[in-house]
Amino acid sequence: MKRLAMNCIRGSAALLFLAATPVLADNYSPTLYSSAVVDGDPSEWNLVQDFFANMHRAGRADKPIESKVYLRYDCLTHIMYVLVLTEPGVPALVDGDAWVAIDSQNNKLVTDASGDDGVAPDFAFVGIGYDGDPNHAQGYEASFPLAVGNYQVIVHINVFDDALAQTSATIGFPGNGPPLVIGCSPLPVAPTTWGRVKSLVTP
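Note that the numbering used here has the sequence shown beginning at -14, numbered continuously upward.
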């Protein structure tokens, strides 16, 4: 009987722990004070630290995840950097419909027609023809100017999945997107050697 009571207590404690454990959600703040080179080479990105959100078919949470979006933000230049990578076995379509919008899909700040001249907005597909099909890619890199603030971000790419062309987008598409929170705090300034020496020689 005592053992049964102890098992009940342990079971109740486990249930309480599960109830108190938060469900992991998307990270709605980009990696700050960080940038990237928009050149179609994603090797400089940290796919754990820079992860922002999953992108589902048709932007619906009950549909399969077909791609992921990663974000970096340069607080000094106020440039947002974007990496979209499709899931394994799901090629992106190089079809002129890849873009990032802020607050409304009519407010696209970068598209696959933006070009890539080193001045934001920039855009470059990742891995074009990686599977032998020149109409396929593994995703894209992009950049665009954006002031510090709170927004909704809509990230879009077309993919080929289940033998059909599909829309892969952040949840809320087409009307809105997940919150994007950009808050840049000043970097701490370390004390200078000059200051320390001066304090030693000053009476």
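Beta carbons: idealized from backbone N, C-alpha and C, even for Gly. All of these numbers come straight from a predicted model, not from anything done at the bench.
Asked: Val8 in three-state terms, based on DSSP; Found: With a pLDDT of 32 at Val8, under the threshold of 50, the modelled position of that residue is not reliable, and the figure given next carries that caveat. Residue state, collapsed to three classes: coil.
Asked: Classification of Thr62 by the beta-carbon crowding that lies within 10 angstroms, buried from 16 upward; Found: exposed
Asked: For Gln90, the nearest candidate out of Ala122, Gly160 and Tyr18 (CA to CA); Found: Gly160
Asked: Alpha-carbon spacing of Ala98 relative to Asp47, whole angstroms; Found: 31 Å
Asked: Contact check, Pro76 vs His121, beta carbons under 8 Å; Found: yes
Asked: Range covered by the beta strand (DSSP E) that runs through His141; Found: Gly134 to Asp146
Asked: Per-residue DSSP class, three states only, for Ser153; Found: strand
Asked: Start and end residues, beta strand (DSSP E) containing Tyr13; Found: Unbroken run through Tyr13: none, as it is neither H nor E.
Asked: Simplified DSSP assignment, three categories, for Cys169; Found: coil
Asked: Tyr136 vs Leu165 beta-carbon contact at 8 Å; Found: yes
Asked: CB-CB length for Asp82 against Asn39, believed under 8 Å; Found: Contact doesn't hold; Cβ gap of about 19 Å is too wide.
Asked: One or two residues paired with His121 in a DSSP bridge; Found: Leu78
Asked: C-beta contact flag for Cys169 and Leu17 at 8 Å; Found: yes
Asked: Buried or exposed by the 16-neighbour rule on C-beta atoms within 10 Å, applied to Gln123; Found: buried
Asked: Residue(s) in a DSSP beta bridge with Trp84; Found: Thr96 and His141
Asked: Which listed residue (Leu70, Gln151 and Gly117) has its alpha carbon closest to that of Asp26; Found: Leu70
Asked: Which of helix, strand or coil DSSP assigns to Ser20; Found: coil
Asked: Inter-residue CB distance, Val85 and Phe129 (contact presumed, cutoff 8 Å); Found: 7 Å
Asked: CB contact flag (Glu29, Asp146, <8 Å); Found: no
Asked: Distance, Asn31 Cα to Leu56 Cα; Found: 10 Å
Asked: Presumed contact (8 Å Cβ cut-off) between Ala105 and Glu126, rounded CB distance; Found: Incorrect: roughly 11 Å between the Cβ atoms, too far for contact.
Asked: Leu131 burial status per 10 Å Cβ neighbour count (16 or more: buried); Found: buried
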